[in-house]
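K.L.:
Questions regarding the structure given below will be posed in turn.
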Amino acid sequence: DIQMTQSPSSLSASVGDRVTITCRASQSINNYLNWYQQKPGKAPKLLIYVASTLQSGVPSRFSGSGSGTDFTLTISSLQPEDFATYFCQQSNSAPPTFGGGTKVDIK
Amino acid sequence: QVQLVQSGAEVKKPGASVKVSCKASGYTFTSYGISWVRQAPGQGLEWMGWISCQTGNTNYPQKFRGRVTMTTDTATRTVYMELRSLRSDDTAVYYCARDIVSYTGGDWGQGTLVTVSS
Numbered sequence: 096d097i098q099m100t101q102s103p104s105s106l107s108a109s110v111g112d113r114v115t116i117t118c119r120a121s122q123s124i125n126n127y128l129n130w131y132q133q134k135p136g137k138a139p140k141l142l143i144y145v146a147s148t149l150q151s152g153v154p155s156r157f158s159g160s161g162s163g164t165d166f167t168l169t170i171s172s173l174q175p176e177d178f179a180t181y182f183c184q185q186s187n188s189a190p191p192t193f194g195g196g197t198k199v200d201i202k
Numbered sequence: 025q026v027q028l029v030q031s032g033a034e035v036k037k038p039g040a041s042v043k044v045s046c047k048a049s050g051y052t053f054t055s056y057g058i059s060w061v062r063q064a065p066g067q068g069l070e071w072m073g074w075i076s077c078q079t080g081n082t083n084y085p086q087k088f089r090g091r092v093t094m095t096t097d098t099a100t101r102t103v104y105m106e107l108r109s110l111r112s113d114d115t116a117v118y119y120c121a122r123d124i125v126s127y128t129g130g131d132w133g134q135g136t137l138v139t140v141s142s
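Chains as they are written, first to last, in this note's numbering: chain A, 96 to 202; chain B, 25 to 142.
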């Protein structure tokens with residue numbers, strides 16, 4: 096199985112900050128990398144798929160980049176509703192696997 | 025709009041089985057597969073398998089093979105996930121998700137808490 100490693104596991108930030116989360120795959124995943132946001136008690140929400148495609152309805156302050164094994168999720172200006180946990184997931188090959196998550200909380 | 029509505033919370037004893045349902049609406053049911061993902065309390069996300077709503081073909085990871093069965097009912101637009109021989113470490117919230125592209129959950133159910141306890 097492909098291992099997905101996210102960093103950091105948590106971070107504290109302020110409204111308006113630029114936030115970057117990284118995800119590394121144990122082998123090349125051909126850009127089949129997805130990002131999800133999850134708030135407490137809620138289901139995950141797809142933000143970005145195939146590394147950089149913004150899901151419909153997701154604000155443009157979210158962006159994704161990367162290729163091969165190294166990927167990044169960037170929030171250009173953190174908003175109050177963005178405090179949540181973010182997961183990466185590879186969908187290149189079964190079984191699809193998730194990173195351990197990055198919790199973004201208020202500084 | 026797309027909706028996936030799951031069945032309610034369950035409490036089961038070790039060794040029992042649980043069957044969770046996921047009723048879909050707002051899209052052509054047979055055009056998309058459904059994945060099941062679970063999340064133990066305070067933990068990350070774990071993929072449990074996938075079913076084609078067109079053919080009924082399934083794909084289960086080695087970890088769950090032999091213990092999980094996913095089925096569909098096209099007439100009622102409902103997908104089912106049955107997990108057998110439950111253990112305490114199966115306690116988790118179970119989600120269904122519509123795969124918009126391969127193994128990519130574009131829409132999710134609200135989750136079903138399954139508690140396994142003696």
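Just so you know, even glycine gets a beta-carbon here, dropped at the ideal spot from N, CA and C. Predicted model only: the values in this text are computed from it and were never measured.
Write down the C-beta distance between C183/A and N125/A rounded to the nearest angstrom, noting that I regard them as a contact closer than 8 angstroms.
P.N.:
The pair is not a contact, with the Cβ atoms about 15 angstroms apart (cut-off 8 angstroms).
K.L.:
Which of the three DSSP states, helix, strand or coil, is assigned to F88/B?
P.N.:
Coil.
K.L.:
Return the CA-CA distance between Y84/B and D112/A, expressed in angstroms with no decimal places.
P.N.:
Going by the C-alpha atoms only, they are around 41 angstroms apart.
K.L.:
Just list the residues that DSSP pairs F178/A with in beta bridges.
P.N.:
F178/A is not bridged to any residue.
K.L.:
At a Cβ cut of 7 angstroms, what residues of the stretch 132-143 of chain A count as close to chain B, listed as they run along the chain?
P.N.:
Those residues of the stretch 132-143 of chain A that come within reach of chain B (Cβ to Cβ, closer than 7 angstroms) are A138, P139 and L141.
K.L.:
Counting pairs of beta carbons, one from the stretch 79-97 of chain B and one from the stretch 146-166 of chain A, are three or more of them closer than 8 angstroms?
P.N.:
Counting Cβ pairs under 8 angstroms, fewer than three are found: no touch.
K.L.:
Got a sec: which bits of the stretch 167-190 of chain A sit with their beta carbon under 7 angstroms from any beta carbon on chain B, in order along the chain?
P.N.:
Within the stretch 167-190 of chain A, the qualifying residues are F182, S186, A189 and P190.
K.L.:
Measure the Cβ-Cβ separation of G129/B and Q30/B and say whether it is below 8 angstroms.
P.N.:
Cβ atoms of G129/B and Q30/B: not closer than 8 angstroms.
K.L.:
Have a look at the DSSP bridge pairing and note the partners of L128/A.
P.N.:
In DSSP, L128/A forms a bridge with Q185/A.
K.L.:
Give me, in chain order, the residues of the same chain whose beta-carbon lies closer than 8 angstroms to that of D123/B; leave out the 5 immediate sequence neighbours on both sides.
P.N.:
Once the five neighbours on either side are set aside, the close Cβ partners of D123/B are Y56, G57, I58, S59, W74, G129 and G130.
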